[in-house]
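Chemist: Top to bottom, those sequences are chains A and B.
Position 317 (the first sequence) corresponds to 316 in numbering that gives the first Met the number 0; numbering is contiguous.
Position 87 (the second sequence) corresponds to 86 in numbering that gives the first Met the number 0; numbering is contiguous.
Backbone N, C-alpha and C define an ideal beta-carbon position, used for all residues, glycine too.
Note that the structure is predicted; figures quoted are calculated from it, not measured.
Below: one structure in structure tokens.
There are 2 protein chains.
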Amino acid sequence: MRHDDSSAPETTRSRRVTVTDVARHAAVDRSVVSRVLTNDPRLKVREETRQRVLSAVRELGYIPNAMARSLRTSHTGTLALFLPDFANPVYAEIITGAEAAAAARGYVLMTGSSSTAGGTAEAYLKLLGQGRVDGLLLAGEALSADAQRALSVAGIPHLLLNRRMRGSHRYVTLDDERAAGMAVEHLVELGHERIAHLAGPSGADTARRRKAGYLAAMKAAGFPPDSSLVVAADYTPVGGAEGMVTLLRADPPPTAVLAANFVAAIGALSAAWSAGVSVPDELSIVTIHDSPLAGFTVPALTAVRMPLQALGARGVELLLTSPPDAEVTEILSGPIELVVRSSTAAPAGRTSRNAGSR
Amino acid sequence: MRHDDSSAPETTRSRRVTVTDVARHAAVDRSVVSRVLTNDPRLKVREETRQRVLSAVRELGYIPNAMARSLRTSHTGTLALFLPDFANPVYAEIITGAEAAAAARGYVLMTGSSSTAGGTAEAYLKLLGQGRVDGLLLAGEALSADAQRALSVAGIPHLLLNRRMRGSHRYVTLDDERAAGMAVEHLVELGHERIAHLAGPSGADTARRRKAGYLAAMKAAGFPPDSSLVVAADYTPVGGAEGMVTLLRADPPPTAVLAANFVAAIGALSAAWSAGVSVPDELSIVTIHDSPLAGFTVPALTAVRMPLQALGARGVELLLTSPPDAEVTEILSGPIELVVRSSTAAPAGRTSRNAGSR
DNA sequence: CTGAAAGCGCTTACAG
DNA sequence: CTGAAAGCGCTTACAG
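Structure representation (structure tokens):
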């Protein structure tokens, strides 16, 4: 920390306690202190000596210097996760899962936003230097192939989380196609035929996969593709609202919409309400990704719940266990479930094919 | 990173490039490389030599080891922010502001959740060791006075963000009292008299300050305290919904509610809707803290916008500029503004005192 | 059972 | 203008 050092009295910050201080205090060598503290199994030490060391540690309030230890061991015990946007509640779950998995393995997970980082590999490297973290999880935003290569060359193990990228063979994702398919099937079972897709931004890999799942399920249900029923929207409330306005202009308008993203679905719900379109009576809305808020929108959103925590956890695991250059191309096969709430129903004048049961 | 080292071929991870390699390649001393890279102003070096160093750095793909540098300089360039819960959208804004301020000063901000950390100072210290970060921002959750002292003793500069604590003299908060007061005044101007408070959890410092602001404003408006109009609720949708159910049972029921928290307000909105109480016709709801989602709830939530990004930024600034043990007790005097949307209106059968203008 | 020594990769006074 | 040396605080083979 840089303060105005010139005015700070030298004595204010009492000199840092080091192994050497502890060793002197316990009348042993530094190496013994170190071994006691790291629980070196090869160390045979009299119990009495061990206690002497331990109480010296306590008395002096000794805390090992993490930098020195890392430099020596080339191991930091820290993992970093970069994501584009803390405002997207989807990431909260991923972080939770990743933090827990990291903790379980004795690592700390620190999260940062890549918008600050600048999103380029150079920016990440600047931030991280070398040796600052043992691994890097990159979620949700495109990193150029060049940037990717830079990370590889720098020798910082990394893994893409919840997205794939051309030229990268290290990622874990969820089965977005299947999730989108399940949502469409739900709407089809309810009796809907004009099912629209409020898709994600065209650049997003998750958006592409969800759209593919939507199209495949529509085809399987016997509905021909209709481009007026698909609209790209940012993963934001504004994006969702604007997309919804566009979709409502289709002629005839859709009776159901699959939103690719929870936050966009909130926007869509709001836009429908503003347009005087009643949900679910006139329009059903289902979203991908459940959220603690989904049960409390008006009306409560039907959602396809995906194992986001498991995704975060799996990312940590793979990052920690796979050799840094090995190919990792995993589609996490966790449970995907449809959580039916109040935003979906049979279309007006129709009862569902299947009484909506599931 | 620990892999199965026994099987990993030694040659896979090409030996790390160090200053020494660069020095050799550029035919200069390591110290020159170091000085060129840190832009040491005291270094007088021929331009040609500097270029030779720089191109050696490029050719070898040299990235300085952050641990070694930190150990030498006792400066990491990293700050950490711990918060209780990534799911609360309020924190997204604080993080954004803090990250930007950190970046502007050449620091990286890494965020972690204190639920994983365990919430105790010991846990933080375990995570951080010593020397891993230059400072620590602690948001939103109680840390015992003991824990606090432990951090001080360990010599890790820290600052409480958005909360105060008994025994701590280092914090920045927002002016929650004034925010709550403004919300109440808005409702009073609309003509409301039975104004309830969906307060935060009793343990939360922000909740206490908002409640105090609510009570003071009610008193100023000439309404006697009525305990049936105040209910404590967690800062969660479920908490807000449950609290709202309780409030609606008051006799006579309130015509307006001030929710202490945005996420709780979402729950309250949902509970009102479920109970068949129309917002804003029969019940006005105003919340503290605006959010990107607030404009898209049904109906859109009137909110008191507080400078959350500025709070995050100010926290970073104070952490970086105040001596580690100095007293810092700042109530950030940024702009607080009422954002009137559709969830507040004059009570039924009444027009506002002031035509709702503001 | 314990100690002395080397070295992780840097930066920075200091000497030339 | 550039180099040699010390040292940040640890851990870990190695020697006794």
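(1) CB V256 (chain B) to CB L197 (chain B), shorter than 8 Å?
(2) Hey, how far is the Cα of E184 (chain B) from the Cα of L310 (chain B)?
(3) Mind checking which residues open and close the alpha helix (DSSP H) that includes A102 (chain B)?
(4) Between A91 (chain A) and chain B, is there a C-beta pair that is closer than 8 Å?
(5) Between A:I62, A:P323 and A:V237, which lies nearest to L150 (chain B) when the distance is taken from Cα to Cα?
(6) For a contact meaning CB atoms closer than 7 Å, what does S69 (chain B) contact in chain A?
(7) Which one of B:A312, B:E47 and B:M243 has the shortest CA to CA distance from V229 (chain B)?
(8) Could you check what DSSP says for Y106 (chain B) in three-state terms: helix, strand or coil?
(9) Taking all protein chains shown into account, decide if P253 (chain B) is buried (16 or more other Cβ within 10 angstroms of its Cβ) or exposed.
(10) When Cβ atoms are compared, which residues of the stretch 245-273 of chain A fall closer than 8 Å to chain B?
(11) Looking only at its own chain, which residues have a Cβ that is under 7 Å from the Cβ of E316 (chain B), when we skip the five neighbours before and after it?
(12) For R15 (chain A), decide whether its Cβ has a neighbour in chain B, counting only Cβ atoms nearer than 8 Å.
(13) Where does V285 (chain A) sit, in a helix, a strand or coil, going by DSSP?
(14) What residue ranges within the stretch 10-72 of chain B form continuous beta strand (DSSP E) runs of no fewer than 3 residues, ordered along the chain?
(15) At 4 residues or longer, what runs of the alpha helix (DSSP H) sit wholly inside the stretch 251-287 of chain B?
(16) In terms of DSSP beta bridges, what is I155 (chain B) paired with?
(17) Considering only C-alpha positions, which residue in the set A:I194, A:Q129 and A:H24 is nearest to V16 (chain B)?
(18) Kindly indicate which three-state DSSP category E316 (chain B) falls into: helix, strand or coil?
(19) Should A75 (chain A) and D133 (chain A) be called a contact, given that it needs their Cβ atoms to be closer than 8 Å?
(20) Under DSSP, the beta strand (DSSP E) around L331 (chain A) begins and ends at which residues?
(21) Out of A:S269, A:A263, A:D225 and A:L268, point me to the one whose CA is closest to P251 (chain A)'s CA.
(22) Kindly say whether E98 (chain A), judged by its beta-carbon, lies nearer than 8 Å to any beta-carbon of chain B.
(23) Is the distance from the Cβ of M109 (chain A) to the Cβ of A347 (chain B) below 8 Å?
(24) Quick check: the Cα distance between V18 (chain A) and G199 (chain B), rounded to an integer number of angstroms?
(25) Which class does A198 (chain A) belong to by DSSP, given the choice of helix, strand or coil?
(26) When DSSP labels each residue in this structure, what does A302 (chain B) get in the three-state scheme?
(27) Would you call the CB atoms of L308 (chain A) and T95 (chain A) closer than 8 Å?
(28) Where do the ends of the alpha helix (DSSP H) carrying P184 (chain A) lie?
(29) For R131 (chain B) and chain A, any beta-carbon pair shorter than 8 Å?
(30) Under a CB-based cut-off of 8 Å, is P224 (chain B) close to chain A?
(31) How is the beta strand (DSSP E) around E336 (chain A) delimited, first residue to last?
(32) Return the chain-ordered list of same chain residues with a C-beta closer than 7 Å to the C-beta of L318 (chain A), the five sequence neighbours on each side being excluded.
(33) Just reading off the beta strand (DSSP E) that A397 (chain A) is part of, what are its end residues?
(34) Indicate the three-state DSSP secondary structure (helix, strand or coil) for V297 (chain A) in the structure shown.
(35) Between the stretch 64-73 of chain B and the stretch 270-288 of chain B, are three or more C-beta pairs nearer than 8 Å?
(36) Taking buried to mean at least 16 other C-beta atoms within 10 Å of its own C-beta, is E98 (chain A) buried or exposed?
Modeler: Looking at the coordinates:
(1) In contact: V256 (chain B) and L197 (chain B) (Cβ atoms closer than 8 Å).
(2) So the alpha carbons of these two residues sit roughly 24 Å apart.
(3) Where A102 (chain B) is concerned, the enclosing alpha helix (DSSP H) stretches over P88 to A103.
(4) The beta-carbon of A91 (chain A) is placed less than 8 Å from the nearest beta-carbon of chain B.
(5) The candidate whose alpha carbon is nearest that of L150 (chain B) is A:I62.
(6) Under the 7 Å cutoff, chain A gives M66.
(7) Selected option, being the one with the closest Cα: B:M243.
(8) In the structure shown, Y106 (chain B) adopts coil according to DSSP, grouped into three states.
(9) Flag for P253 (chain B) reads buried.
(10) For the stretch 245-273 of chain A, which is checked against every Cβ of chain B, the residues closer than 8 Å are V262, I265, G266, L268, S269 and W272.
(11) A100.
(12) It does: the Cβ of R15 (chain A) has a partner Cβ on chain B nearer than 8 Å.
(13) Note: V285 (chain A) maps to strand in three-state DSSP.
(14) If we require 3 residues or more, the stretch 10-72 of chain B turns out to have no beta strand (DSSP E) run fully inside it.
(15) Entirely contained in the stretch 251-287 of chain B, the alpha helix (DSSP H) runs reaching 4 residues are, in chain order, 261-273.
(16) Per DSSP, none; premise fails for I155 (chain B).
(17) Closest option to V16 (chain B), judged by alpha-carbon separation, among A:I194, A:Q129 and A:H24: A:Q129.
(18) In the structure shown, E316 (chain B) sits in a helix (DSSP, three-state: H, G or I).
(19) For clarity, residue 75 (chain A) is Thr in the given sequence; the question names Ala instead. In this structure, T75 (chain A) lies near D133 (chain A), with their beta-carbon atoms less than 8 Å apart.
(20) For L331 (chain A), the enclosing beta strand (DSSP E) has its first and last residue at V327 to L331.
(21) The option with the nearest alpha carbon to P251 (chain A) is A:D225.
(22) By this cut-off, E98 (chain A) is an interface position.
(23) Contact: no.
(24) Going by the C-alpha atoms only, they are around 46 Å apart.
(25) Strand, per DSSP.
(26) A302 (chain B): strand per DSSP, three-state reduction.
(27) Reading the sequence as shown, one finds Gln at residue 308 (chain A) and not Leu. Taking 8 Å as the Cβ cut-off, Q308 (chain A) and T95 (chain A) qualify as a contacting pair.
(28) Sequence check: residue 184 (chain A) is Glu here, not Pro. D175 to L189 is the extent of the alpha helix (DSSP H) around E184 (chain A).
(29) Yes, R131 (chain B) counts as interfacial toward chain A.
(30) For P224 (chain B), the nearest beta carbon of chain A is not closer than 8 Å to its own beta carbon.
(31) Membership of E336 (chain A) in the beta strand (DSSP E) is indicated by the continuous run E336 to V338.
(32) Close CB contacts of L318 (chain A) within its chain, under the 7 Å cut and outside five residues either way in sequence, are with L78, G134, L136, P156 and L158 (chain order).
(33) In the structure as shown, chain A begins at 0 and stops at 357. Residue 397 (chain A) is therefore absent and cannot be evaluated.
(34) Of the three classes helix, strand and coil, the one that applies to V297 (chain A) here is coil, per DSSP.
(35) Because the criterion of three Cβ pairs below 8 Å is not met, the stretch 64-73 of chain B and the stretch 270-288 of chain B do not touch.
(36) Here E98 (chain A) is buried. Its C-beta has 16 or more other C-beta atoms within 10 Å.
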